[in-house]
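Asks: Input: one structure, supplied below.
Numbering (the numbering used here), first residue to last: 1 to 146.
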């Protein structure tokens with residue numbers, strides 16, 4: 001497994017709804033200092049879209065356009081052979097992980113969105129003039145294209 005063991009720490013002692021994880025490989029002093037720092041700046045963490053008032057909901061909400069003439073189809077469960085089963089967790093020589101996905105008939109059921117650029121444009125415009133750009137899971141390819 002590529003991840004280390006973690007401990008789950010609540011933001012507020014006794015509140016198990018809002019938690020964060022810290023790696024166990026950190027020393028006790030580093031863990032204690034990190035917990036103190038994160039709890040001190042708890043207000044900068046967003047738990048949902050309502051906690052991000054400056055971000056347009058059109059950026060955070062993505063609609064999937066589907067063709068109404070296609071009804072959902074429950075496909076039979078497929079079993080991959082052993083080679084593909086191990087490939088899901090197998091590390092490739094270039095330190096990336098191999099994953100197997102089946103996209104049968106996906107293009108027919110979900111037509112292509114021909115206008116994805118307004119969302120990209122909003123992200124790029126929002127980062128203009130800033131030295132650092134960090135927005136949820138925005139791809140590095142978006143930033144390189146600027």
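Glycine included, every Cβ here is placed at the ideal spot set by N, Cα and C.
(1) State the Cα-Cα distance for the pair residue 152 and residue 7, rounded to the nearest angstrom.
(2) Helix, strand or coil: how does DSSP classify residue 12 here?
(3) Rank 11, 29, 16 by C-alpha distance to the C-alpha of residue 40 and give the top, closest one.
(4) Here's a check: name, in chain order, each residue in its chain whose Cβ is nearer than 6 angstroms to the Cβ of residue 23, leaving out the five neighbours to either side.
(5) Grab the span of the beta strand (DSSP E) containing residue 62 for me, first residue to last.
(6) Hey, would you say residue 47 sits closer than 8 angstroms to residue 18, going by beta carbons?
(7) Would you call the CB atoms of residue 60 and residue 53 closer than 8 angstroms?
(8) What are the partner residues of residue 22, as DSSP defines its beta bridges?
Replies: Here's the rundown:
(1) Outside the shown range of the chain (1 to 146) lies residue 152, about which nothing can therefore be said.
(2) coil
(3) Residue 11 holds the alpha-carbon nearest to the alpha-carbon of residue 40 among 11, 29, 16.
(4) 4, 6
(5) Here residue 62 belongs to no beta strand (DSSP E), and DSSP marks it neither H nor E.
(6) yes
(7) no
(8) 7
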